[in-house]
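Enquirer:
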Amino acid sequence: MARILQLDEAIAELVHDGDAVALEGFTHLIPVAAGHEIIRQRRKDLTLIRMTPDIVYDQLIGAGCARKLIFSWGGNPGVGSLHRFRDAIQNSWPVPLEIEEHSHAGMANRYAAGASGLPFAVLRGYAGTDLPEQTDTIKTIECPFTGERLAAVPAVNPDVGIIHAQQADRAGSVQMWGITGVQKETVLASARSLVTVEEIVDELTPRPGAVVLPQWVVTAVAEVPGGAVPSYAQGYYERDNAYYQQWDLIGRDREQFESWLETEVFGAERSTR
Amino acid sequence: MARILQLDEAIAELVHDGDAVALEGFTHLIPVAAGHEIIRQRRKDLTLIRMTPDIVYDQLIGAGCARKLIFSWGGNPGVGSLHRFRDAIQNSWPVPLEIEEHSHAGMANRYAAGASGLPFAVLRGYAGTDLPEQTDTIKTIECPFTGERLAAVPAVNPDVGIIHAQQADRAGSVQMWGITGVQKETVLASARSLVTVEEIVDELTPRPGAVVLPQWVVTAVAEVPGGAVPSYAQGYYERDNAYYQQWDLIGRDREQFESWLETEVFGAERSTR
Amino acid sequence: MSSPEFTADEMMTIGAARSLRDGAACFVGIGLPSTAANLARRTHAPNLVLIYESGTLGAKPGRLPLSIGDGVLADTADSVISVPEIFNYWLQPGRIDTGFLGGAQVDRFGNINTTVIGGDYANPKVRLPGAGGAPEIAASCGEVLIVMRMSPRSFVEKLDFITSVGYGTAKGDREALGLRGRGPVKVITDLGVLEPDADTCELTLTQLSPGATVEQAREAVGWPLKVLDEPTVQQTPTETELKVLRELKATIAGGTE
Amino acid sequence: MSSPEFTADEMMTIGAARSLRDGAACFVGIGLPSTAANLARRTHAPNLVLIYESGTLGAKPGRLPLSIGDGVLADTADSVISVPEIFNYWLQPGRIDTGFLGGAQVDRFGNINTTVIGGDYANPKVRLPGAGGAPEIAASCGEVLIVMRMSPRSFVEKLDFITSVGYGTAKGDREALGLRGRGPVKVITDLGVLEPDADTCELTLTQLSPGATVEQAREAVGWPLKVLDEPTVQQTPTETELKVLRELKATIAGGTE
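Chains as they are written, first to last, in the working numbering: chain A, 8 to 280; chain B, 8 to 280; chain C, 104 to 360; chain D, 104 to 360.
1. Between the C-alpha atoms of glutamate 20 (chain A) and lysine 51 (chain A), what's the straight-line distance to the nearest angstrom?
2. Determine the burial state of glutamine 263 (chain A): buried for a count of at least 16 other Cβ atoms within 10 Å of its Cβ, exposed for fewer.
3. Consult DSSP for histidine 171 (chain B) and reduce its assignment to one of helix, strand or coil.
4. Please go through the same chain and pick out, in chain order, the residues whose beta-carbon is closer than 6 angstroms to the beta-carbon of isoleucine 169 (chain A), but skip the five residues on each side of it.
5. Based on DSSP bridge pairs, tell me the residues matched to arginine 10 (chain A).
6. What would DSSP say about aspartate 176 (chain B), mapped onto helix, strand or coil?
7. Assuming histidine 109 (chain B) and valine 160 (chain B) form a contact by the criterion Cβ under 8 angstroms, report the distance between their Cβ atoms to the nearest whole angstrom.
8. With a threshold of 7 angstroms on Cβ separation, who are the neighbours of alanine 229 (chain A) within its own chain once the five nearest residues in sequence on each side are excluded?
9. Look at the alpha carbon of threonine 193 (chain B) and the alpha carbon of leucine 220 (chain B), and state the distance between them as a whole number of angstroms.
10. So, does the stretch 111 to 128 of chain C touch the stretch 67 to 79 of chain B, judging by three or more C-beta pairs under 8 angstroms?
11. Suppose you measure from the CA of leucine 55 (chain B) to the CA of arginine 349 (chain D); what does that come to, to the nearest Å?
12. Sort A:Asp255, A:Glu245, A:Ala128 and A:Glu149 by Cα distance to leucine 89 (chain A) and report the nearest one.
13. Which of helix, strand or coil does DSSP assign to glycine 358 (chain C)?
14. Could you give the first and the last residue of the continuous alpha helix (DSSP H) run that contains phenylalanine 127 (chain A)?
15. Identify whether valine 163 (chain A) lies in helix, strand or coil by the three-state DSSP scheme.
16. Could you confirm whether any beta carbon from chain C is found closer than 8 angstroms to the beta carbon of glycine 179 (chain A)?
17. Just checking my contact of proline 232 (chain D) with glycine 81 (chain A) at CB under 8 angstroms: how many whole Å lie between their CB atoms?
18. Who are the near neighbours of glycine 221 (chain D) in its chain, counting only those whose CB is closer than 8 angstroms to its CB and skipping five residues on each side?
19. Does any residue of chain C bring its CB to less than 8 angstroms from the CB of phenylalanine 264 (chain A)?
20. Under 7 angstroms Cβ-Cβ, which residues of chain D neighbour valine 189 (chain A)?
21. Using C-beta distances below 7 angstroms, list every residue in its chain close to threonine 292 (chain C), excluding the 5 sequence neighbours before and after it, in chain order.
22. Starting from the Cα of glutamine 310 (chain C), find the closest Cα among C:Ile199, C:Val296 and C:Ala320 and give me that residue.
23. Which residues of chain A have a Cβ atom closer than 7 angstroms to the Cβ of leucine 308 (chain D), listed in chain order?
24. So who's on the other strand from serine 182 (chain C), going by DSSP bridges?
25. Taking the alpha-carbon of valine 290 (chain C) as reference, which of C:Val186, C:Thr316 and C:Gly269 has the nearest alpha-carbon?
26. At a cut-off of 7 angstroms, is glycine 154 (chain A) close to the ligand MG when judged by its beta-carbon and the heavy atoms of the ligand?
27. DSSP three-state call for proline 334 (chain D): helix, strand or coil?
28. Mind listing the chain C neighbours of glutamate 108 (chain B)? Cutoff is C-beta to C-beta under 8 angstroms, in chain order.
29. So, does the CB of lysine 146 (chain A) fall closer than 8 angstroms to a CB anywhere in chain B?
30. Leaving out the 5 sequence neighbours to the left and right, which residues in its chain are closer than 6 angstroms to valine 330 (chain C) when beta-carbon positions are compared?
31. Determine whether the Cβ of glutamate 278 (chain C) lies closer than 8 angstroms to any Cβ atom of chain B.
32. Anything in the stretch 117 to 128 of chain B with a Cβ closer than 7 angstroms to a Cβ of chain D? List those residues in chain order, please.
33. Below 8 angstroms on C-beta distance, what does proline 299 (chain C) contact in chain B?
34. Are the CB atoms of tyrosine 251 (chain A) and isoleucine 62 (chain A) nearer to each other than 8 angstroms?
35. State whether the stretch 139 to 153 of chain B contacts the stretch 203 to 215 of chain B, with contact taken as three or more CB pairs (one from each stretch) at a distance under 8 angstroms.
36. Let me see if you follow: with CB-CB separation under 8 angstroms, is glycine 271 (chain C) close to chain B or not?
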């Protein structure tokens, strides 16, 4: 049975310095509040994993929580670059950031292999690109039946997988719907998991397209209404598109970013964004 | 766009002598009427593929349609053996039957590889069993990252994949719900596909747990109410459990079986079972 | 209070049910395992999680399912997923605590045959249904419970075919093969319960069914059976266990099990 | 009837839309590709199947989505599936007819860079977002449309990083690499359209945008641009195309694209 915890308790207990942590979400249901709580608890040396690191990862990186980023597309969706991410890579500010870079197909398969208890996954990918030269996590493998050569990538198995969902029941079973990305795989691939939810309900009503994670594969659930803002939670609130544009200005400048950190994260018991 | 055909037209056009054909269904939604139509059109030398060949495969085998069976569990679920299947293997009656035998995990992965456009799949399977000795379709493969040895199985890509679903719309998009087994993979792995449905509706209403196959990956749809009898179609009719027991008596005896074939398949324009 | 009357098969089912820990995730096959799991969920293990290979996670059927893909499983499940997913995301990584297996033959190391009997593979005397989910259930579940009636035809010195691995030929074989579950922790039979010896993994009679004798068990096994110095006797079924079991069985009267 | 006024970007979007065949399955990225695909669906290609990498199959958004995972895509899709499934079951097997790509740099063989500019990989001058879905879209879609504004900084002699493969370094490279789609069949720009030469696969200017000249195009490309002897001129936007395009863009006023 998953334990129902407060967000700060859950982060304190589940996320340790040096951990490999995946906060997943594909535009929808991004666990932003959980990311801010990690910053607030001043975790460091994290290996952050995510297919699409966006502004909450920019914030974690800018706050110096990360030592390494494993990813496939790092940008502010629809706006442009992540300036804290670029500053870390180009100028090692505030700390150097190692990167391990893949394509979406590769990352999706790495999570799927992790969820499947396999050490690696096979895909048609990367052929002819410069990506394999930059990492030892892309190799070729030969089909034992046809001799064809394909790409192999190692499983990702985060120490902690964190996602946001619409609902959990009181036993900690989780239901999410709409675009659910790679979130099921993230929870199943991780040694420990935290799901923040919009609300805890008495009963999960089956819905079209819903993904359900039973309580016995979830470590902890925290009720965090608005926990995905400025991204959206289908059925609860819309994406705050203007905020993604504002972030471009905040993230662009180190001082503005630090002032944002002080006010919005360290100064707030729980951030509104 | 999928074409809407009559069942007999669809089988005549899509299923040829010598084809590899998968009629999938996991207890639920078994495409029995389509199987009977294949018998009625006297197809032969088929390679039949299915994880759980049950009585409709017993019938196809007894009728002499099959040259080879690729499978992982061949039985009359809850009743016992398939006597036509046994007679074919043990006595080559009415024709010899070659077998290629796997576990469920292996077959499920072979379909998934087929659906994924990969030549093979990797799984933790078969280790220590006698199965790999009996086929060249189970090999070992080494993880290029950890050196661990795992099983590899080749993709299955049937010439024709046939499934039964509850509904299609007029463009041929298909919706099925309840236990949906490996049916999506079967259609996606096959060069051509036929979906028989309980009914063709104006619009598919999204349902919890539904699997949707869009019209552009389905070759043909045939409306065949009761097309899964004696198995069941959730929301339409229950499983005819008694018939599975009756089949044990019919299938046990060659003469009884041939009389059944004459009456129920060749003598009927469309079989009731 | 006198014990109620019960059959050896009922004792076997109740023994299997008692072996299931509350809250465990259990991979259930149709027939006796499903009966035992549903009995356990209605007695000491209300939070037992039932998983059927048809893709139903957390099924809570109000009656015994008649097949592994019975609609009542989908209707009452926490989630219905595809068959590739059940094997890849749920069974393979070792997420499932307990798996049930039966078979036509078992040997002294808990290896199982459900493929062919007699002759050879190409020309068997009896062709059985085959592997199904068993090889990977045997490999990947946290532990396995084997349930079979004892007879010299079933408990054999040498299997005609190894479909699913118990302990191979000796302790350490599972690790060498890369099998990550513990293997069969109990073989529950109509005459008693066998458990692997801690040092050798050889199946050893540790418990007798009420009324059964060591001699009966020895005669029902095709190898020289190891017996614990003082095998205990299984606790007889309680009235509640029997009542619930019989109610469950009554729900499928006329159906197949 | 005089032609309506239009911008070079509008011509580029409309040119991209016209390249989409009715009934085709199209893998759509956010921004111009999404605008073009939604325009096509509202004009000549009502049965265009829109697929977004967030897992929405057959989305029919009533307004332009603001992100690749906009809720309007899930609400209107035939099916919403997981991200692993979209890549493995749908993109990888070559089920998707047309993929759109853009990038920071493209070379004369239609290879694309979206990773780093300048310096080297470890210490780049500019770090770009990276690969996303592009490498496998470039590899596996039936054909690829590249949409980019022409400039010498973007149309370069040599990429700083190969993120996605067009034709490699010569005809035949795709086959040698095992890439199963045809590769980029058009590069649609603000000044005109480039297409691969049938013999060499080198990108060749085949069409000019209305008002653009060959000289402008040559100056905007960082290599000696091959030009068809008599490049045609793209048909100017129709009033309908412009009207629908502008209505679409109006639906995201104030949002990001």
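Every residue gets a Cβ at the ideal spot worked out from N, C-alpha and C, and that includes glycine.
Expert: According to the structure shown:
1. 15 angstroms
2. exposed
3. strand
4. Leu30, Pro38, Ala41 and Leu201
5. A:Ala227
6. strand
7. 7 angstroms
8. Leu12, Gln13, Leu14, Ala17, Leu201 and Thr203
9. 11 angstroms
10. no
11. 55 angstroms
12. A:Asp255
13. Low per-residue confidence applies at glycine 358 (chain C): pLDDT is 46, beneath 50, and the placement is therefore not dependable, though the value from the model is reported in the following sentence. Coil, per DSSP.
14. It is not in any alpha helix (DSSP H) - phenylalanine 127 (chain A) instead sits in the beta strand (DSSP E) that spans 127 to 130.
15. coil
16. no
17. 5 angstroms
18. Pro227, Lys228, Val229 and Asp263
19. no
20. Ser185, Val186 and Pro187
21. Met115, Met251, Arg252 and Met253
22. C:Val296
23. Those do not exist, as leucine 308 (chain D) stays about 25 angstroms from chain A at its closest Cβ, beyond 7 angstroms.
24. C:Leu160
25. C:Gly269
26. For the structure depicted, the ligand MG is absent and the ligand set is empty, with no information on it obtainable.
27. strand
28. Thr218, Gly233 and Ala234
29. yes
30. Leu308 and Val317
31. no
32. Ala122, Ser123 and Gly124
33. Simply none; closest approach about 16 angstroms.
34. yes
35. no
36. yes
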